[in-house]
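Student: For the sequence shown, full-length UniProt numbering begins at 1 and goes up steadily by one.
One structure, as structure tokens, below. Some questions next.
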Amino acid sequence: MAKRGAQAVLQEEINNNEDWTKIMENPGMYVIDVYSEWCGPCIAMTTYLRKIKMELGNEYLNFAIAKSDNINVLKRFRQKSEPYWMFFFDGKLVNVIIGADAPRLIRLIIEELEQYIKYKNGEIHKEFIPISKVTDEEQKKLTEIENYRKQKTKKEKKLRDKRMMKVRERALKQFSYNIQMQTCVMFFPHTVQYIMVEKPLEEGAEELDEPPEPVMIEKRVCEVANSCASKYEELIVIEAKELKLTEDKLSEMFFTEREFLESFPQELIDDLLSKNVYSVMLSRPTVKHDTATEEATDDENKPVSIDLMGEIELKLSTIIYGDNGSLLNPSPNSLADIHSVINENGQKIPSVYTPRNPLSKASALTILFRKFCKNQGYIAPLPPAPQYLIIFDINKSNTVLPIIEDLEETVVYYGFFRSADPENPKLLCKDPEMLTKYGMDKIGKEAKLVLSVLMDDKDKSLLRFVDVGPIYVSPDEEVGIDDAIKFFPYNFDEMDGEIKLWLDQQEIQSEGAGEEYDFGEGEEGIIEEYSSQDQ
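Here it is in structure tokens:
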């Protein structure tokens, strides 16, 4: 066993299995600080250990430190950041405590030493702990860690969902133009039953002298679906399927109808996550247009405004919920009302759901009929990648812009802003040439160049920008995502900026001034001549 220089007398070092075996063979009470190599032993406690050793002066009391990385019996203590203190009586484990609580540790050392002396004198019987057993204190710590991880995961998920909200809404709005003819109905798990029926004979089997033994197969039965189908009128069922939902899919499906989802009792949520839901997709009959009319109309292929959409959703939701009904309050005697059930607690549980507007329909279809939506052009939005937001004073643009051009694949967005205020970002423009046209005197000294940069290997891209001297850099890549959203929102690609709007106004004014006078023959040349002279 190695010694630790100045602290060798106080704490013996245990670095491997052989060292551990030798210590366990020694008589006396050992208090061992178990640690992982990456964080080292609890140096802060050595002063207290030395003090208690001097005060007690007991030859039975011994201290050691054990590096768990190379000791088999200490495998469960590896990768721990807190010190684990193990108490041994003649090589037998009697206690384990966790943490750097000096008063508690000293108090326990005194108490256990008194117990050890009584044990050696035969005054008490001591219950030993198998070294492989997870003690109550360890279990408590594991539970705390697990609860912390769950809370952290929940918090991170909530943050991710918040980031994705506008991005997902935009993607669904765009996709809703592609599915104006379709909608869907979902039937909750408690409406679906499965019965065993005899499999129909294959073609030609009737002609056999001895027909084959009957084969029983499982058949799905949904009386609520049958009841609704009789009311669909001209709507055509184009696909029916079963699907098991996850918590994320359930949340995405009711993305725009959160109040309805939150009204579900826990038993219904459990049902939805453990059993299949049955869904049907319906379509309006395809209307054939006159080819000649289509060729003559330039605007025929332009997307319909989302405010004019929703006819099929309105029709089907009226069928399901009644004329004046809603998800939470279907009209009396409507299909949704008739087929709802009451649970043991007197809560009304819905049996059927259909979306009521283009956005909620797009959300439902992308979950329930993902393959169909993919074929119709739906591309699920991706969460924002880890990135950093970097802000420069406007006077460093000439130095930063060449780096942006060089690192084009790493730079997500960049733009020129009126100021660096994240709560009120005002975009000037995205094109540096517009700055020149606008004039630096109008821009002002407070203007900034703001960019978001993807996290890459060893942050090489980030370091190139940092060398230029920014006034702000996100402290880490997660904070950077939220920083970037403030300056570069989900619709940043559609934003023009203050300068572009100003230039457009100037162009309109110029065109207006040119139209105020009806030039006579030959007068245009005179005006052009004067204009060229002025220049």
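Beta carbons: idealized from backbone N, C-alpha and C, even for Gly.
Since this is a predicted model, take the numbers as computed values, not measurements.
Note down the Cα distance separating THR246 from SER274, rounded to an integer number of angstroms.
Tutor: Position 246 of the sequence shown, counting from 1, holds the residue named residue 246. Position 274 of the sequence shown, counting from 1, holds the residue named residue 274. Rounded to whole angstroms, THR246 to SER274 spans 9 Å at the Cα level.
Student: Thinking just about the alpha-carbon of each residue, which of ASP493, SER452 and ASN491 is nearest to the one in PRO475?
Tutor: Here residue 475 refers to the residue found at position 475 of the sequence shown. Looking at the Cα atoms, SER452 is the closest of the given residues.
Student: In whole angstroms, give me the CA-to-CA distance for MET281 and ILE319.
Tutor: The sequence position of residue 281 within the sequence shown is 281, counting from 1. The sequence position of residue 319 within the sequence shown is 319, counting from 1. Roughly 15 Å separates the two Cα atoms.
Student: Kindly indicate the opening and closing residues of the alpha helix (DSSP H) around ASP271.
Tutor: Sequence index remark: in the sequence shown, residue 271 carries index 271 (1-based). Its alpha helix (DSSP H) spans residues 266-274.
Student: For HIS339, does the count of other Cβ atoms within 10 angstroms reach 16, so buried, or fall short, so exposed?
Tutor: Numbered from its first residue, the sequence shown carries residue 339 at position 339. Classification for HIS339: buried.
Student: Pull the bridge partners of LEU451 from the DSSP assignment, please.
Tutor: As a first step, residue 451 must be located in the sequence shown, where it is residue number 451. Per DSSP, ILE390 and TYR414.
Student: How many Å lie between PHE372 and LYS249 at the Cα?
Tutor: Stepping through the sequence shown from its first residue, residue 372 is reached at position 372. Stepping through the sequence shown from its first residue, residue 249 is reached at position 249. In this structure, the alpha-carbon of PHE372 lies about 16 Å from that of LYS249.
Student: Can you tell me the Cβ-Cβ gap for LYS426 and GLU498, rounded? I've got them flagged as a contact below 8 Å.
Tutor: Sequence index remark: in the sequence shown, residue 426 carries index 426 (1-based). Sequence index remark: in the sequence shown, residue 498 carries index 498 (1-based). The Cβ separation is near 7 Å, so the contact holds.
Student: Given this structure, state the Cα-to-Cα distance separating GLY484 from GLY469, to the nearest angstrom.
Tutor: Position 484 of the sequence shown, counted from the start, is the residue given in the question as residue 484. Position 469 of the sequence shown, counted from the start, is the residue given in the question as residue 469. What sits at residue 484 in the sequence shown is Ala, not Gly. When rounded, the distance between both Cα atoms is 19 Å.
Student: Whole angstroms are fine: how far does the CA of VAL237 sit from the CA of LYS231?
Tutor: Taking the first residue of the sequence shown as 1, we reach residue 231 at position 231. Taking the first residue of the sequence shown as 1, we reach residue 237 at position 237. Roughly 12 Å separates the two Cα atoms.
Student: Measuring straight from C-alpha to C-alpha, what distance separates MET164 and PRO381?
Tutor: Along the sequence shown, read from residue 1 onward, the residue named residue 164 stands at position 164. Along the sequence shown, read from residue 1 onward, the residue named residue 381 stands at position 381. Taking the straight line from one Cα to the other gives about 8 Å.
Student: Can you tell me whether CYS429 is helix, strand or coil according to DSSP?
Tutor: To locate residue 429, count along the sequence shown from 1; it is residue 429. Strand.
Student: How would you call LEU368, buried or exposed, if buried means at least 16 neighbouring beta carbons within 10 angstroms?
Tutor: Taking the first residue of the sequence shown as 1, we reach residue 368 at position 368. Its Cβ being crowded by 16 or more others within 10 Å, LEU368 is buried.
Student: Where do the ends of the alpha helix (DSSP H) carrying ALA484 lie?
Tutor: For the purposes of this step, residue 484 is identified with residue 484 of the sequence shown, where counting begins at 1. Element bounds for ALA484: 477-487.
Student: Might you give, ordered along the chain, the residues of its own chain that have their beta carbon closer than 7 Å to the beta carbon of residue 551, omitting 5 neighbours on each side?
Tutor: The chain is shown only over 1 to 535; residue 551 falls outside these bounds and no answer can be derived.
Student: Taking DSSP as the reference, what is the three-state secondary structure of TRP38?
Tutor: The sequence position of residue 38 within the sequence shown is 38, counting from 1. Note: TRP38 maps to coil in three-state DSSP.
Student: Label GLU18 either buried or exposed according to how many other C-beta atoms from any shown protein chain fall within 10 Å of its C-beta, with 16 as the threshold for buried.
Tutor: Taking the first residue of the sequence shown as 1, we reach residue 18 at position 18. Its Cβ having fewer than 16 others within 10 Å, GLU18 is exposed.
Student: Which residue comes first and which comes last in the alpha helix (DSSP H) that contains TYR119?
Tutor: Taking the first residue of the sequence shown as position 1, residue 119 is located at position 119. Unbroken alpha helix (DSSP H) run through TYR119: 102-120.
Student: Identify whether PHE465 lies in helix, strand or coil by the three-state DSSP scheme.
Tutor: Translated into the one-based positions of the sequence shown, residue 465 becomes position 465. Helix.
Student: Would you mind stating whether THR256 and ASN357 have Cβ atoms separated by less than 9 Å?
Tutor: One-based indexing of the sequence shown puts residue 256 at position 256. One-based indexing of the sequence shown puts residue 357 at position 357. Result yes, Cβ atoms of THR256 and ASN357 sit closer than 9 Å.
Student: Report the three-state DSSP secondary structure of CYS222 (helix, strand or coil).
Tutor: Position 222 of the sequence shown, counted from the start, is the residue given in the question as residue 222. When DSSP states are grouped into helix, strand and coil, CYS222 belongs to the coil group.
Student: Assuming TYR116 and ALA64 make a contact with CB atoms under 8 Å, what is their CB distance in whole Å?
Tutor: Counting from one through the sequence shown, the residue named residue 116 turns up at place 116. Counting from one through the sequence shown, the residue named residue 64 turns up at place 64. With a Cβ gap of about 16 Å, TYR116 and ALA64 do not count as contacting.
Student: By DSSP, does LEU243 sit in helix, in strand, or in coil?
Tutor: Mapped onto the sequence shown, residue 243 falls at position 243. If DSSP states are grouped into helix, strand and coil, LEU243 belongs with the strands.
Student: Under 9 Å, do TYR278 and ARG370 count as touching if we go by C-beta distance?
Tutor: One-based indexing of the sequence shown puts residue 278 at position 278. One-based indexing of the sequence shown puts residue 370 at position 370. Against a cut-off of 9 Å, the Cβ pair of ARG370 and TYR278 comes out as no contact.
Student: Which value, in whole angstroms, describes the spacing of the CA atoms of LYS244 and SER251?
Tutor: Here residue 244 is taken as the residue at index 244 of the sequence shown, counted from 1. Here residue 251 is taken as the residue at index 251 of the sequence shown, counted from 1. Going by the C-alpha atoms only, they are around 13 Å apart.
Student: Ordered along the chain, which non-local residues of its own chain (more than five positions away) have a Cβ less than 8 Å from that of TYR472?
Tutor: Here residue 472 refers to the residue found at position 472 of the sequence shown. Same-chain partners within the cutoff: LEU389, ILE390, ILE391 and ALA420.
Student: Since I believe ALA364 is in contact with CYS184 (beta carbons under 8 Å), could you give me their beta-carbon distance rounded to a whole number of angstroms?
Tutor: For the purposes of this step, residue 184 is taken as residue 184 along the sequence shown, with counting starting at 1. For the purposes of this step, residue 364 is taken as residue 364 along the sequence shown, with counting starting at 1. That belief holds up - the Cβ atoms of CYS184 and ALA364 are roughly 6 Å apart, short of 8 Å.
Student: Here's the rule: buried if 16 or more other CB atoms are within 10 angstroms of the residue's CB, otherwise exposed. What is ALA292?
Tutor: Along the sequence shown, one-based indexing puts residue 292 at 292. Because ALA292 sits at a pLDDT of 45, beneath the cut-off of 50, its placement in the model cannot be relied upon, and the following sentence gives the value as read from the coordinates. By the neighbour-count rule (16 or more Cβ atoms within 10 Å), ALA292 is not buried but exposed.
Student: With a cut-off of 8 Å, do at least 3 Cβ pairs link the region 169-178 to the region 258-275?
Tutor: no
Student: Excluding the 5 residues flanking SER461 on each side, which residues of the same chain have their C-beta closer than 6 Å to its C-beta?
Tutor: As a first step, residue 461 is located in the sequence shown; it is residue number 461 there, counting from the start. Excluding residues up to 5 positions away in sequence, LEU407, THR410 and VAL453 lie with their Cβ nearer than 6 Å to the Cβ of SER461 in the same chain.
Student: If you count every other CB in all the chains shown that lies within 10 Å of the CB of ASN62, and 16 or more means buried, which is it?
Tutor: Position 62 of the sequence shown, counting from 1, holds the residue named residue 62. ASN62 is buried by the Cβ-count criterion.
Student: I believe ASN70 touches ASN16 by the beta-carbon criterion, under 8 Å. Please report the beta-carbon distance rounded to the nearest angstrom.
Tutor: Taking the sequence shown and counting its residues from 1, the one referred to as residue 70 is at position 70. Taking the sequence shown and counting its residues from 1, the one referred to as residue 16 is at position 16. Correct: roughly 5 Å between the Cβ atoms.
Student: What span of residues does the beta strand (DSSP E) with MET186 cover, start to end?
Tutor: Start at 1 with the first residue of the sequence shown, and residue 186 comes out as number 186. MET186 -> beta strand (DSSP E) spans 182-187.
Student: Between the C-alpha atoms of GLU198 and PRO214, what's the straight-line distance to the nearest angstrom?
Tutor: For this step, residue 198 is matched to residue 198 along the sequence shown. For this step, residue 214 is matched to residue 214 along the sequence shown. Within the model, the alpha-carbon separation for GLU198 versus PRO214 is close to 6 Å.
Student: Quick test of the definition: if touching needs 3 or more C-beta pairs under 8 Å, does the region 91-111 touch the region 127-136?
Tutor: yes
Student: Could you pull out every residue in the same chain whose Cβ sits closer than 7 Å to the Cβ of LYS500, ignoring the five residues on either side in sequence?
Tutor: As a working mapping, residue 500 is identified with position 500 in the sequence shown. CYS429 and MET434.
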